[in-house]
Structures are given as C-alpha cells and as structure tokens.
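Structure, as structure tokens:
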Amino acid sequence: MTLPAGYYQIDPEIRALVAAMNIHGFRTYASCQGHGFPVTKLPPYIAFACPVKMAALLEQRLR
1 MTLPAGYYQI
11 DPEIRALVAA
21 MNIHGFRTYA
31 SCQGHGFPVT
41 KLPPYIAFAC
51 PVKMAALLEQ
61 RLR
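Following UniProt numbering from start to finish, the sequence shown increments by one per residue and tops out at 63.
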C-alpha cells in the first residue's frame, strides 16, 4: 500500500492500521505503536473520532 507523505511520521508498526481506519471513515488524530518490554509498559493505541453508530459497529466487530 502506498501511503501519503504524512503517514511516514506515524510509528511504523501501527501505520497500516491508522491508514486503514482513515480510509474507512475513522478520523485518527493520535497513535503509538507501544514501547518498552513487555509492550504493556506503554501499550499501542489509536485515538480517533467518528459517529457513535460507527464506533458501536467497530466494537461489535472486534468482540
């Protein structure tokens, strides 16, 4: 997948997921691939904004 220039500032291990979320209408605004060993020291995350219905559907699909 070819990513726009700004995506190369995103941590490499989470970059593809951030891009996929944006393609599907989730507006991401912060992310981190996680740091430390074990990774639970600072776990990975993606912060995003979207309509509540969209977030509920994502939650259902992830469960």
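In this text, a Cβ means the ideal position worked out from N, Cα and C, and glycines have one as well.
Sorted by chain position, which residues of the same chain lie with C-beta nearer than 8 Å to residue i's C-beta, five sequence neighbours on each side aside?
| i | result |
| --- | --- |
| C32 | D11, I14, L42, P44, Y45 |
If I follow the unbroken alpha helix (DSSP H) through residue i, where does it start and stop?
| i | result |
| --- | --- |
| R15 | 15–23 |
Report all residues from its chain with a CB closer than 6 Å to the CB of residue i; omit the five preceding and five following residues, and keep chain order.
| i | result |
| --- | --- |
| T28 | V18, M21, N22, I46, F48 |
| C50 | F26 |
Taking 7 Å as the limit between beta carbons, can you name the residues of its chain near residue i, skipping five residues before and five after?
| i | result |
| --- | --- |
| G34 | L42, P43, P44 |
Hey, could you find the ends of the beta strand (DSSP E) residue i is sitting in?
| i | result |
| --- | --- |
| R61 | No beta strand (DSSP E) holds R61; the alpha helix (DSSP H) holding it covers 52–62. |
| residue 108 | Outside the displayed span of the chain (1 to 63) sits residue 108, for which this structure offers no information. |
| T28 | 27–32 |
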